[in-house]
Structures are given as structure tokens and as C-alpha cells.
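*Asks:*
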Amino acid sequence: LPKPMLPVADRPLCAHTADAAIEAGTDELLLVVGYEADVVREYFGEEYRGVAVNYATQDEQLGTAHAVRTAREHLDGRFAVLYGDDLYDRASIEALFASGPGITAYRAENPSNYGVLDTDGDRVVGVTEKPDDPDTNLVSAGACVLPSEAREWLDVERSERDEYELTDVLDRVFAEYEVSYTELDRWMGVGRPWELLAANEWKLAELDGAVRGTVSDDADLRGPVVVEEGAAIEPGVVIEG
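Using the numbering used here, the first residue of the sequence shown is number 695, and each one after it goes up by one.
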């Protein structure tokens, strides 16, 4: 499976991000696909939760700016970039969408592992990648809302990592606009097995209980437990959500 389609609680990882975008008011989802694109297309289709879905194909993974550039023909007006293998708290994404050009930020325990925000009051003026001795623990969480002009600024040079980086596009946005930041209450990149487990723990804790299967009168369900259709809980079983 493509990493964004790994199961987290009751749906694929990237569906949680799509849901956050929809609840924040987006009127279109544009998904950049590559490896096993058919899996993504089959799940989301042409419409997801009442919102139109379009696709752009990235044949080679050449960086974040390159991914957005493959979708350029679909971009009309200001647009948001969210990462399919990250989890964000939904309220903060709603706040991000309500702002002008803006990016998400997070208070990291190990800021040297991230791009650290350079700020002037409430304005972001730059991002310093993985500094040895950062002045702050406020780091970029990736998700951002960009002005419509940014679609013309995606043709950046390759970075030292030999990739086309969205941070280089952001440098142009910082120079041209006052860019605010939205501090996330929760944020998680999901790239390793233990992070996938933590992501499931996070999202399972948000689920309400639901019984669509068969539960014996002599079984004991405690807390928010989901019993799917086709499942049977036998007498004497205790399940704690």
C-alpha cells in the first residue's frame, strides 16, 4: 500500500487529513498520486463526502515542490498544501484555512530535527532547516495556505538534497506577503511502525462506540467499542475501549 493509505483507526491515514480539509471548508480535493495510484483512486473516487476529487500524477518523487507542480494546472486561486502521511488536529487546520497566507507550526521537543521558524512577532519571515542550536522550539509542520501567485513560483532549483523543495517556494512567499502561523495542538508525521501505532492510538481515542455486529447479552463492552458488521462477540467476553 502507499503509505498515506495505511489504516489508521477506521479509515486510511490520508482520509483523516482529507476530512480535516473538508471540515475546514475546502471545496475541492486535489490528490497527488504515484505508487499504486489506483488504490487511492478507488477509495476516494470522483467525489468524497460531497466534495469533488481530482488527481495529479507524480511519476517520480522529486520533492515537495515538484509534487505541487504536477498539480499546477488544477490550481485556481489560493490553495492549501497538506501532507498525506501527516496527522493534524482538525481545529487547527480550520484556523489555518481561515487565515491569509499561512503555515502550520508546532512546539517540538527536538527542534533541531526540523525546519525552525524565524518569526517577527506573529509573522513568519523564514525557515532555518535543522539548526544546531535553535533559538526556539517552534518548527514548521508542513501544512500551509499559499496565495494564487505561488503556482507561478514552483519552478525552483534543485536543493542540496537534489530535490525541488517547497521551502524554496515559501521563501518567495515570505518575501512577498505577510505570512502568519497557526500553532497546532497536535501533529504527527507517520513514517515508521511505532508512529503508525501512535497514530492509531490517537484516532481510536476519538471514535465513538458503535455496534453493527452481534453482541451476546452476556458480553461486557466497556467504553467506546466498535463492533463491525460480521463480527460476533461471544458470552463472557470483556472488551474495553
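Glycine included, every Cβ here is placed at the ideal spot set by N, Cα and C.
Using CA coordinates, which residue listed in THR751, ALA837, ASP721 is at the minimum distance from VAL734?
*Replies:* It is THR751 whose Cα lies nearest to the Cα of VAL734.
*Asks:* Could you give the residue range of the alpha helix (DSSP H) that holds THR830?
*Replies:* Neither: THR830 is in no alpha helix (DSSP H) and is coded neither H nor E.
*Asks:* Just the Cα atoms here: how many angstroms apart are GLU722 and LEU915?
*Replies:* GLU722 and LEU915: Cα-Cα distance of roughly 39 Å.
*Asks:* Please state whether DSSP places ASP914 in a helix, a strand or coil.
*Replies:* In this structure, ASP914 counts as strand in the three-state DSSP scheme.
*Asks:* Between GLU717 and GLU788, which are expected to be in contact by the criterion C-beta below 8 Å, what is the C-beta distance as a whole number of angstroms?
*Replies:* Contact flag correct, Cβ pair sits at about 7 Å.
*Asks:* Would you kindly work out how many angstroms separate the C-alpha atoms of ASP912 and ARG906, rounded to a whole number?
*Replies:* If I take the Cα positions, the gap works out to 17 Å.
*Asks:* On the CB-based measure, 16 or more other CB atoms within 10 Å of its CB, does GLU854 come out buried or exposed?
*Replies:* GLU854 should be labelled exposed.
*Asks:* Taking the alpha carbon of ALA703 as the point to measure from, which residue in ALA893, LEU832, VAL932, VAL909 has its own alpha carbon closest?
*Replies:* Ranking the options by Cα distance to ALA703, first place goes to ALA893.
*Asks:* Which residues share a DSSP beta bridge with PRO795?
*Replies:* In the DSSP output, where bridge partners are listed per residue, PRO795 has none listed.
*Asks:* What are the boundary residues of the beta strand (DSSP E) that includes ARG817?
*Replies:* That run of the beta strand (DSSP E) goes 817 to 823.
*Asks:* Would you check if the stretch 776 to 785 and the stretch 705 to 719 touch, i.e. whether three or more CB-CB distances between them fall below 8 Å?
*Replies:* Yes, they touch.
*Asks:* Which residues bound the beta strand (DSSP E) around ALA714?
*Replies:* Taken as a continuous stretch (DSSP letters only), ALA714 belongs to no beta strand (DSSP E), being part of the alpha helix (DSSP H) at 707 to 717.
*Asks:* Based on the DSSP output, what are the partners of THR876 in its beta bridges?
*Replies:* Partner(s): THR798.
*Asks:* Give the range of the alpha helix (DSSP H) segment to which LEU724 is assigned.
*Replies:* Not the alpha helix (DSSP H): LEU724 falls in the beta strand (DSSP E), residues 722 to 727.
*Asks:* Is the separation between the beta-carbon of SER786 and that of GLU877 shorter than 9 Å?
*Replies:* Contact: yes.
*Asks:* Starting from the C-beta of GLU923, find all residues in its chain whose C-beta is less than 7 Å away, skip the five residues before and the five after it, and write them out in chain order.
*Replies:* These residues qualify, in order along the chain: ARG906, GLY907.
*Asks:* Three-state secondary structure (DSSP) at VAL919?
*Replies:* In the structure shown, VAL919 sits in coil (DSSP, three-state: anything other than H, G, I, E or B).
*Asks:* Tell me the residue span of the alpha helix (DSSP H) that contains LEU898.
*Replies:* It spans 887 to 898 - the alpha helix (DSSP H) in which LEU898 sits, taken as one unbroken run.
*Asks:* Do the stretch 738 to 757 and the stretch 811 to 818 make contact, defined as three or more Cβ pairs closer than 8 Å?
*Replies:* Output reads no: the stretch 811 to 818 does not touch the stretch 738 to 757.
*Asks:* Would a C-beta distance cut-off of 9 Å place TRP896 and ARG880 closer than the cut-off?
*Replies:* It is a contact, given that the beta carbons lie within the stated cut-off.
*Asks:* Give me, in chain order, the residues of the same chain whose beta-carbon lies closer than 6 Å to that of PRO825; leave out the 5 immediate sequence neighbours on both sides.
*Replies:* Answer for PRO825: VAL810, listed in chain order.
*Asks:* Could you tell me whether the Cβ atoms of LEU776 and GLU730 are closer together than 9 Å?
*Replies:* Cβ atoms of LEU776 and GLU730: not closer than 9 Å.
*Asks:* So what does THR813 bridge to, in DSSP terms?
*Replies:* Its beta-bridge partners are VAL818.
*Asks:* Below 6 Å CB to CB, which residues in the same chain sit around GLY917 once its five sequence neighbours on both sides are set aside?
*Replies:* Closer than 6 Å at Cβ, skipping near neighbours: GLU934, GLY935.
*Asks:* Of the residues LEU700, THR830, ARG852, VAL873, which one's Cα is nearest the Cα of CYS838?
*Replies:* Looking at the Cα atoms, VAL873 is the closest of the given residues.
*Asks:* Go through its chain and collect everything with a Cβ distance to ASP902's Cβ below 6 Å, but skip five positions before and after it.
*Replies:* Taken in chain order, the residues that qualify are PRO918.
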